[in-house]
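Below you'll find the structure, written out as structure tokens, and then a few comments.
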Amino acid sequence: MAELPQSRHLATEIPGPKARQLAARQAAAVAPAVASAMPTYAVRSQDGIVEDVDGNRLIDLGSGIAVTSVGASAPAVVQAVQDQVEQLTHTCFMATPYEGYIAVAEKLAELVPIRGQLRSALFSTGAEAVENAVKIARAYTGRQAVAALDNAYHGRTTLTMSLTAKSMPYKHSFGPFAPEVYRIPGSYPLRDQLDGAEAAERSISALQTQVGAENLAALIVEPIQGEGGFIVPAEGYLQRLAAWCRENGVIFIADEIQTGFARTGSWFACQHESVEPDLVTTAKGIAGGLPLSAVTGRAEILDAVHAGGLGGTYGGNPVACAAALATIATMEDQDLCAKAADIELTALEQLRGAAQKDPRIGDVRGRGAMLAVELVDPDTGAPDAELTGAAAAAARRAGVITLTCGTYGNVIRFLPPLTISKELLTEGISIVLDSIAQN
Ligand SMILES: *Cc1c(COP(=O)(O)O)cnc(C)c1O
0 MAELPQSRHL ATEIPGPKAR QLAARQAAAV APAVASAMPT YAVRSQDGIV
50 EDVDGNRLID LGSGIAVTSV GASAPAVVQA VQDQVEQLTH TCFMATPYEG
100 YIAVAEKLAE LVPIRGQLRS ALFSTGAEAV ENAVKIARAY TGRQAVAALD
150 NAYHGRTTLT MSLTAKSMPY KHSFGPFAPE VYRIPGSYPL RDQLDGAEAA
200 ERSISALQTQ VGAENLAALI VEPIQGEGGF IVPAEGYLQR LAAWCRENGV
250 IFIADEIQTG FARTGSWFAC QHESVEPDLV TTAKGIAGGL PLSAVTGRAE
300 ILDAVHAGGL GGTYGGNPVA CAAALATIAT MEDQDLCAKA ADIELTALEQ
350 LRGAAQKDPR IGDVRGRGAM LAVELVDPDT GAPDAELTGA AAAAARRAGV
400 ITLTCGTYGN VIRFLPPLTI SKELLTEGIS IVLDSIAQN
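For the sequence shown, numbering that gives the first Met the number 0 gives the first residue as 0, with consecutive numbering after it.
And the structure:
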């Protein structure tokens with residue numbers, strides 16, 4: 000396969016003629032509820048570039064939502080997938096097991112920041128991993144309640160959408176929701192002005208008074224909140240919550256589905272503050288674009304579930320496992336944690352420079368290659384979703400894959416592949432910043 004030039008190139012306007020034809024076919028055949036951000040259609044991708052059907056080369060600042068951290072179709076992943084597809088596409092691990100599944104579990108035991116003997120169970124999607132983490136926590140503790148934070152995102156199945164905070168679009172019209180799910184305030188430094196200890200006290204007080212520690216199986220937390228707005232909790236917040244959970248026999252689940260696998264500059268975001276969870280959920284970046292997810296935790300906890308209690312037809316599919324092993328090896332070989340830290344340095348300087356000139360950029364935050372700007376009314380601090388939408392649309396038309404997020408829809412997030420060149424990264428961010436400035 001020919002190399003894809005690592006430069007932005009507009010062959011047509013976006014959407015071009017072929018993209019418009021596909022849009023018409025999509026409108027006729029695809030459920031409109033499954034909406035797409037980019038107004039064009041991908042054909043191939045490598046490192047920082049996605050090529051569309053009209054031959055436009057787009058700068059990728061999304062990685063398919065933090066999935067293709069090693070680059071889409073990374074060579075080692077392609078090779079591993081091709082080899083595995085020829086050998087064995089599927090047996091179902093519960094029917095006839097195979098080595099790749101075990102090797103992924105061994106790798107997770109090595110990388111996940113929990114001490115002692117670890118075990119893992121593999122699944123296909125992030126939501127499935129979260130569901131299973133809750134099942135495991137309930138089985139181990141014999142308790143039923145589960146707590147999640149304001150601004151949380153944990154998926155779209157009934158249990159995980161119940162854990163997710165935001166109504167539109169994730170929950171609206173889809174109730175009733177799963178029982179025994181409680182929501183408590185979290186830490187959102189820009190909007191609550193609390194330090195880590197204060198925010199943790201507020202969270203713990205809500206848990207104690209509204210749920211009761213003795214009823215609580217698990218608290219699930221994203222170390223940096225993803226869909227909710229790339230919210231980095233105040234320093235010390237996660238430590239304090241994890242300590243309270245330990246003192247009270249509550250399972251602390253770190254949902255590292257978006258933050259995990261080198262994205263934030265370390266293997267897992269918990270490591271930035273030396274937080275040791277009981278269970279960690281992973282997915283997205285783990286397998287370079289193949290569907291794979293996992294729950295990893297202390298052996299004692301995973302061993303509490305009866306044999307046959309966990310599984311699924313496709314969970315830990317051999318092709319996805321081969322892709323994960325190649326993805327993790329690529330991350331190690333290319334030191335992509337360091338690459339994420341470099342991206343942070345380059346991008347933060349650029350974003351902070353723009354924020355100094357434009358008071359509508361109310362906050363610049365994130366870690367590694369998980370960064371964001373929050374757009375506000377400079378006088379009141381009120382979220383500016385309109386500006387966010389207009390700026391993202393303009394950047395997309397200019398050939399930059401741009402994602403938004405946030406409870407108030409006013410955050411533009413940056414999730415480039417960790418293999419993006421510095422030139423493309425800088426150019427992509429400049430285009431987004433220009434789009435903000437001009438709207
Ligand atoms: C994306 C995401 C999920 C859900 O993963 P799916 O693979 O879409 O089911 C859960 N938690 C977090 C933090 C996520 O970012």
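Don't be surprised by glycine CBs; every beta carbon is placed ideally from N, CA and C.
| Item | Value |
| --- | --- |
| Buried/exposed call for Q78, threshold 16 Cβ in 10 Å | exposed |
| Own chain, CB closer than 6 Å to G405, minus 5 neighbours either side, in chain order | G228 |
| R440, buried or exposed, once every other Cβ within 10 Å from all chains shown has been counted against 16 | One cannot answer for residue 440 here, as it falls past the ends of the chain, which runs 0 to 438. |
| Proximity below 9 Å, CB of R262 to CB of M369 | yes |
| L423 (DSSP reduced to helix, strand or coil) | helix |
| Selection from P16, A339, A199 and K134 that minimises the alpha carbon distance to W266 | A339 |
| Three-state class that DSSP yields for C269 in the structure shown | helix |
| Inter-residue spacing [alpha-carbon to alpha-carbon] between A94 and V399 | 45 Å |
| Where the beta strand (DSSP E) containing C404 begins and where it ends | L402 to C404 |
| Proximal residues to P4 (C-beta, below 8 Å), its chain only, five neighbours per side dropped | I48 and R56 |
| Alpha-carbon to alpha-carbon, A151 and R245 | 21 Å |
| Supposed contact pair I223 and R366 - C-beta distance, whole angstroms, cut 8 Å | 6 Å |
| DSSP beta-bridge partners of P296 | It is worth fixing the name first, because residue 296 is Gly in this sequence and not Pro. Beta-bridge pairing links G296 to R118 and L278. |
| Complete alpha helix (DSSP H) runs within the region 36-123 (minimum length 4 residues, chain order) | 62-65, 74-86 and 98-110 |
| Neighbourhood of T124 by C-beta distance below 7 Å, restricted to the same chain and skipping five residues each side | A282, P290 and S292 |
| Whole-Å CB distance - V76 paired with A325, under 8 Å assumed | 5 Å |
| Extent of the continuous beta strand (DSSP E) run through G174 | Looking at the DSSP string, G174 is not in any beta strand (DSSP E), and its letter there is neither H nor E. |
| Endpoints, alpha helix (DSSP H) assigned at A242 | Y236 to E246 |
| H504 classed as buried or exposed, judged by whether at least 16 other C-beta atoms fall within 10 angstroms | With the chain covering 0 to 438 only, the question about residue 504 has no answer from this structure. |
| Given A196 as reference, the closest of L237, E109 and K165 once Cα atoms are compared | L237 |
| Nearest-angstrom Cβ-Cβ length linking T403 and I411, presumed shorter than 8 Å | 6 Å |
| Between the CA atoms of Q25 and P38 - distance to the nearest angstrom | 11 Å |
| Segment contact, 8 Å Cβ cut-off, at least three pairs: the region 371-386 with the region 26-46 | no |
| Beta strand (DSSP E) runs contained entirely in the region 349-383, provided each spans 3 or more residues | 360-366 and 369-374 |
| Residue nearest to S434 in terms of C-alpha spacing, selected from N214, E85, K421 and D357 | D357 |
| Inter-residue spacing [alpha-carbon to alpha-carbon] between A298 and R395 | 46 Å |
| As assigned by DSSP and simplified to three states, the class of Y139 | helix |
| Cβ contact check for the region 157-165 and the region 173-182: 3 or more pairs under 8 Å | yes |
| Whether P232 touches Y187 by CB criterion (9 Å) | yes |
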